[in-house]
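Worksheet for the structure shown next.
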Amino acid sequence: EAGVTQFPSHSVIEKGQTVTLRCDPISGHDNLYWYRRVMGKEIKFLLHFVKESKQDESGMPNNRFLAERTGGTYSTLKVQPAELEDSGVYFCASSQDSDYPYEQYFGPGTRLTVT
Amino acid sequence: AQKITQTQPGMFVQEKEAVTLDCTYDTSDQSYGLFWYKQPSSGEMIFLIYQGSYDEQNATEGRYSLNFQKARKSANLVISASQLGDSAMYFCAILDFGNEKLTFGTGTRLTIIP
Chain A
1 EAGVTQFPSH
11 SVIEKGQTVT
21 LRCDPISGHD
31 NLYWYRRVMG
41 KEIKFLLHFV
51 KESKQDESGM
61 PNNRFLAERT
71 GGTYSTLKVQ
81 PAELEDSGVY
91 FCASSQDSDY
101 PYEQYFGPGT
111 RLTVT
Chain B
1001 AQKITQTQPG
1011 MFVQEKEAVT
1021 LDCTYDTSDQ
1031 SYGLFWYKQP
1041 SSGEMIFLIY
1051 QGSYDEQNAT
1061 EGRYSLNFQK
1071 ARKSANLVIS
1081 ASQLGDSAMY
1091 FCAILDFGNE
1101 KLTFGTGTRL
1111 TIIP
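Sequence order for the protein chains is A and B.
When you line the first sequence up against our numbering, it's residues 1 to 115, in that order.
When you line the second sequence up against our numbering, it's residues 1001 to 1114, in that order.
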């Protein structure tokens, strides 16, 4: 069974540009989460999808970030326009409600560098 | 709000020795879950072990065990017989069952010395 995949693995963009990160969850997982780790700090929650609906987007930093999950499968996270403080590693995770112990399976992350 | 504190930014341990990674948490929830994840240099987050707040026994998974002390709000990870492959970042996290949101600590970088 394939794990959570993320694309791209690395992205280097200039301030003001747009970047779109993609996450493919484990097949059949209804829950999809985005997290971010800024250099040297803790990993922070961004938002949670249940199927195609946003369950909780309380962690989204501002309106430059837009997440979508059309059809309840893969998800995209767009940053527009990117700022220097957006640099970090963006993780995607997925889980299935029926799983115990509510384990969230993480992808390898996308390292975003804004210059 | 929930909070995880990992007070050891880095640790060096001799191979084959046991190591304890500290984690304390703060939550007002009665029911919650505690996790440890390993992040090797390749970047992926690997689930290691889980402890539910109502589990009476400490969780164990192979060489990993979780020393859960609920009254002290601590959930330390113990790795027995450390191996070179254990060198990685280790994150402690708490799960809010209500919103399924994980809150992480800042991590501990463990280096195993041959």
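In this text, a Cβ means the ideal position worked out from N, Cα and C, and glycines have one as well.
These figures come from a predicted structure and were not determined experimentally.
Item, Value
"Can you name, in chain order, every residue of its own chain whose Cβ lies under 7 Å from the Cβ of B/G1107, other than the five neighbours on each side?", "Q1006, M1089, Y1090 and F1091"
"Which partner residues does B/T1111 have in the DSSP bridge list?", "B/F1012"
"Since A/Q17 is in the beta strand (DSSP E), which residue starts that stretch and which ends it?", "Neither: A/Q17 is in no beta strand (DSSP E) and is coded neither H nor E."
"Please return the same chain residues whose Cβ sits closer than 6 Å to the Cβ of A/V89, not counting the five positions on each side in sequence.", "R37, G109 and R111"
"For A/V89, which residues does DSSP report across the bridge?", "A/R37 and A/R111"
"Along the chain, which unbroken stretches of the alpha helix (DSSP H) at least 4 residues long are found entirely within the stretch 1045-1101 of chain B?", "none"
"Can you tell me whether B/D1086 is buried or exposed, with buried defined as 16 or more other CB within 10 angstroms of its CB?", "buried"
"Roughly how many whole angstroms lie between the Cα atoms of A/V4 and B/W1036?", "18 Å"
"Buried or exposed, going by whether 16 or more other CB atoms sit within 10 Å of the CB of B/Y1025?", "buried"
"Let me confirm a value: B/F1012 is counted as buried when at least 16 other C-beta atoms fall within 10 Å, else exposed. Which label applies?", "exposed"
"For B/K1101 and chain A, any beta-carbon pair shorter than 7 Å?", "yes"
"In chain order, what residues of the same chain lie with their CB nearer than 6 Å to the CB of A/D24, ignoring the 5 residues before and after it?", "T5 and Y74"
"For A/E57, which of A/Y35, A/S9, A/H29 and A/S27 has the nearest alpha-carbon?", "A/Y35"
"Compute the distance between the beta-carbons of A/A82 and A/I13, then report whether it is under 7 Å.", "yes"
"Return helix, strand or coil for A/G72, following the three-state DSSP convention.", "helix"
"I'd like the list of long-range same chain contacts for A/F7, defined as Cβ closer than 7 Å, with 5 residues on each side in sequence excluded.", "R22"
"Output needed in chain order: residues of the stretch 31-50 of chain A with a Cβ under 7 Å from some Cβ in chain B.", "N31, K41, E42, I43, F45 and H48"
"Along chain B, in chain order, which residues have C-beta atoms closer than 8 Å to that of A/G109?", "G1043, E1044 and M1045"
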